[in-house]
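Student: Could you have a look at this structure, given as structure tokens, before my questions?
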Amino acid sequence: MASLWLGLVRLLAGFRRGLRDPEFRAILFLLAIAMTGGTIFFRIVEHWRWIDAAYFSVMALTTVGDATLSPTTAIAKIFTMLFSICGIGLMLAFLSRLSTFREHEEGRE
Numbered sequence: 001m002a003s004l005w006l007g008l009v010r011l012l013a014g015f016r017r018g019l020r021d022p023e024f025r026a027i028l029f030l031l032a033i034a035m036t037g038g039t040i041f042f043r044i045v046e047h048w049r050w051i052d053a054a055y056f057s058v059m060a061l062t063t064v065g066d067a068t069l070s071p072t073t074a075i076a077k078i079f080t081m082l083f084s085i086c087g088i089g090l091m092l093a094f095l096s097r098l099s100t101f102r103e104h105e106e107g108r109e
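In terms of full-length UniProt numbering, the sequence shown opens at residue 1 and continues consecutively.
So this is what it looks like as structure tokens:
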């Protein structure tokens with residue numbers, strides 16, 4: 001259990017360090033825009049509740065997926081394909097930069 005907490009502390013320290021980097025902030029901003037845009041799109045087109053639309057957006061971007069929610073309209077299906085292709089790249093860039101800053105934190109010890 002202690003190693004879990006230590007890992008979380010290191011992750012948060014890497015995140016704080018990353019916030020000082022303009023590229024990391026730009027990726028984080030684009031990721032927030034993507035999640036917000038996806039949430040609004042699914043709310044309007046699929047008429048999902050806000051929490052369901054946000055949940056599906058995060059599930060699509062993290063490639064976790066969930067069988068309980070799925071787009072029903074053709075436009076939403078097309079949007080989800082494009083959203084996932086672009087958004088997964090953003091998520092990978094974010095995680096890659098975050099791991100870089102986390103490794104820097106570990107190297108300082």
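For each residue, glycine too, the CB sits at the ideal point set by N, CA and C.
My output table needs one value for Trp5: the three-state DSSP class, helix, strand or coil.
Tutor: Position 5 of the sequence shown holds residue 5. If DSSP states are grouped into helix, strand and coil, Trp5 belongs with the helices.
Student: Buried or exposed: which applies to Pro22, given that a residue is buried once 16 or more other Cβ atoms fall within 10 Å of its Cβ?
Tutor: Your numbering for residue 22 matches position 22 in the sequence shown. With fewer than 16 Cβ atoms within 10 Å of its Cβ, Pro22 is classed as exposed.
Student: I'd like the list of long-range same chain contacts for Tyr55, defined as Cβ closer than 8 Å, with 5 residues on each side in sequence excluded.
Tutor: Here the question's residue 55 lines up with position 55 in the sequence shown. Closer than 8 Å at the Cβ level, and outside the excluded window around Tyr55, lie Asp66, Leu69.
Student: The alpha helix (DSSP H) that contains Ala60, what's its start and end?
Tutor: Working through the sequence shown from its first residue, we reach residue 60 at position 60. According to the DSSP assignment, Ala60 belongs to the alpha helix (DSSP H) that extends over 50 to 61.
Student: Taking the CB atoms as reference points, tell me whether Leu95 and Phe15 lie closer together than 8 Å.
Tutor: By one-based count along the sequence shown, residue 95 stands at place 95. By one-based count along the sequence shown, residue 15 stands at place 15. Going by C-beta atoms, Leu95 is not nearer than 8 Å to Phe15.
Student: CA-CA distance, Lys77 and Pro71?
Tutor: One-based indexing of the sequence shown puts residue 77 at position 77. One-based indexing of the sequence shown puts residue 71 at position 71. The straight-line gap from Cα to Cα measures roughly 6 Å.
Student: Suppose the cutoff is 7 Å on Cβ atoms and the five residues either side in sequence are ignored; what does the same chain contact list for Val45 look like?
Tutor: Here the question's residue 45 lines up with position 45 in the sequence shown. Result list for Val45: Thr73, Ile75, Ala76, in chain order.
Student: Just to confirm my understanding: we take Leu30, look at its own chain, exclude 5 residues before and 5 after, and list those with CB closer than 6 Å. What are they?
Tutor: The count along the sequence shown starts at 1 and reaches residue 30 at position 30. Leu90, listed in sequence order.
Student: Under 8 Å between the Cβ atoms of Ala60 and Gly38?
Tutor: As a working mapping, residue 60 is identified with position 60 in the sequence shown. As a working mapping, residue 38 is identified with position 38 in the sequence shown. The answer is yes: Cβ separation under 8 Å.
Student: Under 8 Å by Cβ, that's how I've got Gly18 and Phe101 pegged, so tell me the actual separation to the nearest angstrom.
Tutor: Your numbering for residue 18 matches position 18 in the sequence shown. Your numbering for residue 101 matches position 101 in the sequence shown. The Cβ separation is near 4 Å, so the contact holds.
Student: Got a sec? Which residues, its chain only, sit under 8 Å from Trp50 by beta carbon, not counting five neighbours each side?
Tutor: The residue labelled residue 50 in the question sits at position 50 within the sequence shown. Leaving aside the five residues that flank Trp50 on each side, the residues in its chain whose CB is nearer than 8 Å to its CB run, in chain order, Thr39, Arg43.
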